[in-house]
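Asker: Remember, our numbering sits 7 above the position in the sequence shown when you count from 1.
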Amino acid sequence: MPAQPRRRTAQRPKTTESPRAVAQETRAWIGLGANLGAREAALRGALAGMAALPGTRVLRVSSLYRSAPLDAGGPDYLNAVAEIATTLPPLALLHALQALEQAAGRERPYRNAPRTLDLDILLYGELQLATDTLTLPHPRLHERAFVLLPLAELAPERVAPEWLAGVAGQVIERWGAVGWGKDAS
Ligand code: A4P
Ligand code: MG
Numbered sequence: 008m009p010a011q012p013r014r015r016t017a018q019r020p021k022t023t024e025s026p027r028a029v030a031q032e033t034r035a036w037i038g039l040g041a042n043l044g045a046r047e048a049a050l051r052g053a054l055a056g057m058a059a060l061p062g063t064r065v066l067r068v069s070s071l072y073r074s075a076p077l078d079a080g081g082p083d084y085l086n087a088v089a090e091i092a093t094t095l096p097p098l099a100l101l102h103a104l105q106a107l108e109q110a111a112g113r114e115r116p117y118r119n120a121p122r123t124l125d126l127d128i129l130l131y132g133e134l135q136l137a138t139d140t141l142t143l144p145h146p147r148l149h150e151r152a153f154v155l156l157p158l159a160e161l162a163p164e165r166v167a168p169e170w171l172a173g174v175a176g177q178v179i180e181r182w183g184a185v186g187w188g189k190d191a192s
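(1) Give the DSSP-derived three-state secondary structure of V154 in the structure shown.
(2) My understanding is that A87 touches V68, with C-beta atoms under 8 angstroms, so please give their C-beta distance in whole angstroms.
(3) Using 7 angstroms as the cut-off, classify the Cβ of I91 as near or not near the heavy atoms of the ligand A4P, replying yes or no.
(4) With hydrogens ignored, establish whether the beta-carbon of D83 is closer than 7 angstroms to any heavy atom of the ligand MG.
(5) In the region 108-183, which residue ranges form an unbroken alpha helix (DSSP H) of at least 4 residues, counting only runs that do not cross its ends?
(6) Output the boundary residues of the beta strand (DSSP E) element that contains L66.
(7) Taking the continuous alpha helix (DSSP H) assigned at E32, which residues delimit it?
(8) Is T94 near the ligand A4P, going by C-beta to nearest heavy atom under 7 angstroms?
(9) Return the chain-ordered list of same chain residues with a C-beta closer than 7 angstroms to the C-beta of R151, the five sequence neighbours on each side being excluded.
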């Protein structure tokens with residue numbers, strides 16, 4: 008019987024790296040608010056801070072909105088929403104956002120106290136979660152014009168028309184662009 012030609016097995020490309028799982032990016036929407044100090048600068052600083060988080064990109068930012076504090080006291084708020092893509096898991100993202108709040112001088116003397124910076128995770132993909140430290144979607148998302156209007160600019164499919172109708176009585180003013188990223192002058 009004639010000798011069979013030896014079959015060559017395909018060579019794997021040589022690599023010095025070990026195989027690694029590629030972390031999946033999740034789209035998330037972050038609510039930004041400030042009603043103490045240099046409010047616009049704090050929001051711009053927070054956007055830069057988020058863009059510098061590991062595995063995180065700031066994709067889009069809504070307009071700025073100005074409104075009186077809802078269920079709270081103090082000066083008027085400036086609010087906006089940022090759409091991010093991140094490989095950080097939800098709790099790591101929350102802790103990273105809280106570190107940015109601290110760096111902006113956030114103090115928590117009492118609930119809903121005026122603040123130099125508030126960063127809330129409004130939506131983390133489609134995730135639904137209810138733990139002591141993190142609730143997703145954000146539990147008061149649907150009740151607030153200062154969240155729904157900027158969120159509807161970026162992700163109208165995530166904002167039910169009846170929620171918008173429910174906040175139609177809340178006085179809020181579109182204040183302009185945040186002036187961050189390509190919109191910065
Ligand atoms: N927490 C649970 N779920 C989340 C989430 N999805 N994102 C926990 C962020 N945090 C979440 O938050 C208290 C705790 O909520 C955190 O420790 C976290 O484990 P906080 O920021 O420390 O305290 P807070 O600000 O008193 O609570 P929160 O939930 O941020 O307050 P709200 O309900 O957002 O209300 N009026 C206007 N016009 N604009 C505003 O931005 N903001 C508030 C604050 C009231 N009125 C306002 C505005
Ligand atoms: Mg908060």
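From the three backbone atoms N, C-alpha and C, an ideal C-beta is built for every residue, glycine too.
Small disclaimer: the values here were computed from a predicted structure and weren't measured.
Answerer: Looking at the atomic coordinates:
(1) helix
(2) Yes, they are in contact, since the Cβ atoms of A87 and V68 sit about 6 angstroms apart, within 8 angstroms.
(3) Outside the cutoff, so no.
(4) No, the beta carbon of D83 sits no closer than 7 angstroms to any heavy atom of the ligand MG.
(5) 152-161, 168-173
(6) 63-68
(7) E32 -> no alpha helix (DSSP H), and no H or E assigned at all.
(8) No - the ligand A4P has no heavy atom lying nearer than 7 angstroms to the Cβ of T94.
(9) Excluding positions up to five away in sequence, the list reads L77, V174.
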